[in-house]
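See below for the structure under consideration.
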Amino acid sequence: TREEDRNQDGKMDMLHFKLELPLQSTEQVLGVQLILTFSYQLHRMSTFVMQSMAFLQSSFAVPGSQLYVHGDLRLQQKQPLSCGGLDVRYNVSVINGTSPFAYDYDLTHIVAAYQERNVTTVLTGPHPIWLVGRAAEAPFVINAVIQYPVEVISYLPGFWEI
698 TREEDRNQDG
708 KMDMLHFKLE
718 LPLQSTEQVL
728 GVQLILTFSY
738 QLHRMSTFVM
748 QSMAFLQSSF
758 AVPGSQLYVH
768 GDLRLQQKQP
778 LSCGGLDVRY
788 NVSVINGTSP
798 FAYDYDLTHI
808 VAAYQERNVT
818 TVLTGPHPIW
828 LVGRAAEAPF
838 VINAVIQYPV
848 EVISYLPGFW
858 EI
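So the mapping is simple: my numbering equals the position in the sequence shown, first residue as 1, plus 697.
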């Protein structure tokens, strides 16, 4: 995994992600459910820090050897951000890795709890490409390129900005 600053502006522009999953020769992959977590930070008009995620789900009728995904990590807001101070209300892990309860690791619970937030990220336009024909000893491979596009942020202006 590596991030890249393509335009050399000091901010990362994309993530290159690769996961190789070893399989037995008798095992096949027909689908993928993947959660990638991110530390999302804004520092100009509003100072906002959150732990966010991108969720990908794909299934196919034919066993695969590789899944390739290319998409954008987009910010979604249900309400404007505030202008003053540091907003860290969502700077908590998307998945509670210290919980002893199976419920906290249930995918439907994780996604539902995340969607209740007023600010989230979502993977848009993933266009999954499913490659078939895995050799018996070869791993299943997930390759993803996730771009961080420029966003328009909605925020409540301070008194001096009105």
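Just so it is clear, CB atoms sit at the ideal spot from N, CA and C, and this is done for glycine as well.
Counted within 10 angstroms of its Cβ, other Cβ atoms place residue i as buried (16 or more) or exposed
i: Phe837; result: buried
i: Pro846; result: exposed
i: Ser790; result: exposed
i: Tyr802; result: exposed
i: Ala809; result: exposed
i: Thr795; result: exposed
i: Phe798; result: exposed
i: Thr818; result: buried
i: Ile839; result: buried
i: Leu804; result: exposed
CB-CB length for residue i against residue j, believed under 8 Å
i: Ser756; j: Leu727; result: 6 Å
i: Gln748; j: Tyr787; result: 7 Å
i: Ser722; j: Glu834; result: 7 Å
i: Pro823; j: Leu753; result: 6 Å
i: Ala841; j: Val766; result: 4 Å
i: Gln774; j: Ser851; result: 5 Å
i: Glu724; j: Met711; result: Between Met711 and Glu724 the Cβ distance is about 31 Å, and since that is not below 8 Å, they are no contact.
i: Leu764; j: Val729; result: 5 Å
Minimum C-alpha distance to residue i - residue among the options
i: His759; options: Val829, Asn840 and Tyr845; result: For clarity, residue 759 is Val in the given sequence; the question names His instead. It is Val829 whose Cα lies nearest to the Cα of Val759.
i: Gly781; options: Leu770, Leu739, Val766 and Ile732; result: Leu739
i: Thr698; options: Thr744, Thr734 and Thr817; result: Thr734
i: Met750; options: Gly855, Asp710, Ile843 and Leu853; result: Ile843
i: Arg741; options: Ser779, Leu804 and Tyr811; result: Ser779
i: Lys715; options: Gln725, Leu731 and Asp702; result: Leu731
i: Ile807; options: Asn815, Val816, Ile792 and Thr744; result: Ile792
i: Gly855; options: Ser743, Met709 and Asp706; result: Ser743
i: Asp784; options: Trp827, Leu853 and Asp769; result: Leu853
Residues that residue i bridges to, as DSSP identifies them
i: Thr821; result: Asp769
i: Glu700; result: Leu712
i: Gln774; result: Val816
i: Gly728; result: Ser756
i: His740; result: Thr744
Residue i Cβ short of 7 Å to the ligand HEM heavy atom set
i: Pro777; result: The ligand HEM is not among the ligands present in this structure, which contains no ligands whatsoever.
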